[in-house]
Structures are given as C-alpha cells and as structure tokens.
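All remarks here apply to the structure that follows.
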Amino acid sequence: MNLRELNKIFEKNKNFLEKAKWYISDPLSFKWWGNAENAEEVFISAILVQRSKWETVERILKKLKKKRLINLKKLAKIEYDKLEEILKPIGLRKVKAARIINSARKITEINGLERLREYKNVRKFLLSLEGIGKETADSIMLFALNIPTFPVSNYVKRVLNRMGITSETSYEKLRNKIVRELNKDLYELKLLYAGITSVGRIACKREPICKICILKETCKFSNFSLI
Ligand code: SF4
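Each residue of the sequence shown is one higher than the last, beginning at 41 in the numbering used here.
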C-alpha cells in the first residue's frame, strides 16, 4: 500500500472523516479544517487545538464568532484578561491567550496572512512565533495558507507505522518523504492528513479499536479478525 492508495480509501469514506470534523473539499478550500470559513479561523484554531480536544475548540470558536473575534487585527488589540475569559474552559488557556495575542500582533505588523504567504520563508517566520512548533506551523501552512507541506502528528506516525507503510519517526524525514511522494499536491496532502487524523481520533488510539476502522482490511496491525 502506498500513500495514494491510502488516500483512495479515505476518499471513499467521506462520512467517516466527517465524523471527526474533516471535510473533503476542493484543494484550496478552508473547509477541510473543521468547516473553517477563512484562513484566520484555521490559524486561531490551530493554536487552540494544541493538547486539546476539537470539541472544546469548537465551543471557543462559537464564542469568538459571536463576538466577531475571528479577526487577527482585533485579537492583536484585545486585552489579555478578556481573551483569557473567552477561552474558558480550554486547557492551557492562559498560555494560549498569550500565544494568540502575540501571534496576532506579529501577523498584523506584516499586514496579515495573505502577505505572509508571499514570504520566502513562511515556515521560519511561523516557527519564530511563541508557542508555534513544527506541527502547528505545518498545519497553518497547509490548511490556512495552501502551501504544500505536511504536519507530522503522533497520529501520522502511529497510523503509517501500523499500516506497514513506514516506520520513520524523524519529523523532517517523514514530512519530506510524504510531500515528495504526493508530489506537493495540495488535495492529496490535505486528504492524507484529514484521513489519518480521523482514523487516529476515532479508532487508532493507543489501544486500537480496529473493528470500527476504515483501514481494518488492509492494515498490517489490525486485530479485526481476532475479534
Ligand atoms: S486497523 Fe487498527 S491498527 Fe490499523 S489503523 Fe485501524 S485502528 Fe489502527
């Protein structure tokens, strides 16, 4: 099985992906990422989701939308205490409030995400922001800025390993391998990430629940037949 074949399975299981809030869309759409409406929503939620469940992120996004705060210019000026209050009950809310305000200020200083997209080294800029590591930076690049890259989450390592596709664990080696094999194709890269993350969230936990997994018939690690 190769990555494109894996993607064919994900494509056939749109409903499974939607259960995990990933929406197969056109290559440039923001909808892939939890039905996001714009790049700023993807950016903000990529910080919110760090070590948190997507369901909690959705609750916070609703509050931010109600207050018309899915807007980096406004978030650059918001008082820290006010944002921290809105972020309740998400974990690490003090840290995340500071990260969002700090990032919003830096991005507003350079005239927004569209301007950032034109930078030669977008990844370096994102990694220079407080609290943005490789996985968050690559998520923002792929899903908010439509730049071909791949976030290597624990789900990615686990599912590809259990499927018998690769046992590579180095972040950069795995990212480069995936981007190369999928020929920098935005649709394929987004689909692979959406599919793997859905499998990880729903079935491929530390103790896998293979009987409900869409990959159970092709996975080398599957215990489906034993159940
Ligand atoms: S079949 Fe089981 S081990 Fe394989 S990816 Fe699915 S949940 Fe994980």
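We put the beta carbon where it would ideally sit given N, CA and C, even for glycine. Because the structure is a prediction, the values reported are computed rather than measured.
> How long is the line joining the alpha carbons of Q90 and P67, rounded to whole angstroms?
Replying inline: Each residue's Cα considered, the two are about 24 Å apart.
> Does the beta-carbon distance from E80 to L112 come in below 9 Å?
Replying inline: Contact flag set, yes.
> For Y233, which option in C250, A137, K197 and K260 has the closest C-alpha, if you only look at C-alpha atoms?
Replying inline: Comparing Cα-Cα distances from Y233 to each of C250, A137, K197 and K260, the minimum goes to K197.
>> Tell me the rounded alpha-carbon separation between W72 and S92.
In response: Rounded to whole angstroms, W72 to S92 spans 19 Å at the Cα level.
> Of all Cβ atoms in chain D, is any one closer than 9 Å to the Cβ of K114?
Replying inline: The displayed structure is made up of one protein chain only, and chain D is not part of it.
>> Let me check understanding here. Comparing Cα to Cα, which of N53, A60 and A116 lies closest to R241?
In response: When each option's Cα is compared against that of R241, the closest is A60.
> According to DSSP, what are the bridge partners of W73?
Replying inline: Assignment of beta-bridge partners to W73 by DSSP yields W62.
> Beta-carbon separation of I187 and R157 under 9 Å?
Replying inline: The answer is yes: Cβ separation under 9 Å.
> What is the DSSP secondary structure of K128, reduced to helix, strand or coil?
Replying inline: Coil at K128, not helix or strand.
>> For a test of the three-state rule: what should DSSP assign to N201, helix, strand or coil?
In response: Reduced to three states, the DSSP call for N201 is helix.
>> Could you check whether the Cβ of V82 sits closer than 8 Å to any heavy atom belonging to the ligand SF4?
In response: No, since every heavy atom of the ligand SF4 falls outside the 8 Å radius drawn around the Cβ of V82.
> Three or more C-beta pairs closer than 8 Å, one from the stretch 220-233 and one from the stretch 120-128: is that the case here?
Replying inline: At 8 Å Cβ cutoff, the stretches do not touch.
> Relative to the alpha-carbon of D96, which residue among F56, R133, L169 and S65 has its alpha-carbon at the smallest distance?
Replying inline: The question names Asp, yet the displayed sequence has Thr at residue 96. Nearest of F56, R133, L169 and S65 to T96, Cα basis: R133.
>> Less than 8 Å separating the Cβ of F50 from some heavy atom of the ligand SF4?
In response: Not one heavy atom of the ligand SF4 sits closer than 8 Å to the Cβ of F50.
> Taking Cβ to Cβ, would you say V192 is nearer than 9 Å to R215?
Replying inline: A contact, by the Cβ cut-off of 9 Å.
> Going along the chain, which unbroken runs of the alpha helix (DSSP H) with 4 or more residues stay wholly within the stretch 149-209?
Replying inline: For the stretch 149-209, the full-length alpha helix (DSSP H) segments reaching 4 residues or more read 153-157, 162-167, 174-183 and 194-202 along the chain.
>> By alpha-carbon positions, which one of I236, N151, N263 and S238 ends up nearest to I249?
In response: Ranked by Cα distance from I249, the first of I236, N151, N263 and S238 is N263.
>> Quick check: is any heavy atom of the ligand SF4 less than 8 Å from the C-beta of S207?
In response: No, the ligand SF4 has no heavy atom inside 8 Å of this Cβ.
>> Any residue with its Cβ nearer than 7 Å to a heavy atom of the ligand SF4 should be included. What is that list in chain order?
In response: That gives V199, R202, M203, V239, A243, C244, P248, I249, C250, C253, L255, K256, C259, F261, S262, N263 and F264.
> Candidates E208, K117 and K128: which alpha carbon is nearest R99's?
Replying inline: Residue K128 is the option with its Cα nearest to R99.
> What are the boundary residues of the alpha helix (DSSP H) that A243 is part of?
Replying inline: Taken as a continuous stretch (DSSP letters only), A243 belongs to no alpha helix (DSSP H), as it is neither H nor E.
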